[in-house]
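Numbering follows UniProt numbering, in which position 9 of the sequence shown is assigned residue number 9; successive positions increment by one, without gaps.
Yeah, the Cβ is synthetic: ideal placement off N, Cα and C, and Gly gets one too.
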Amino acid sequence: CWTNEVKTRMINGGMTPKRIGYPQEIAHIIKCVIENHYINAENIRIDTGFRSSQSCAPLPHRNGKVAA
């Protein structure tokens, strides 16, 4: 639900790797969790270390102010 501008700021603002994940990469993680019975009751964040809210709130600019 984010605009391309917001996605670009996310990537340039500290995401590693510098791209949005591919569907195949997400599917691989899901497959690993399903196949590994030792993993249970875990939340696995697939966000390249970027913590975002589920509300699609605007991202702050580097100076700390919220984007319009």
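Counting along the chain, isoleucine 29 sits inside the alpha helix (DSSP H) bounded by residues 23-35. The Cβ-Cβ distance between isoleucine 20 and isoleucine 46 does not fall below 7 Å. Beta-carbon to beta-carbon, isoleucine 29 and isoleucine 44 are separated by about 7 Å, close enough to satisfy the 8 Å threshold.
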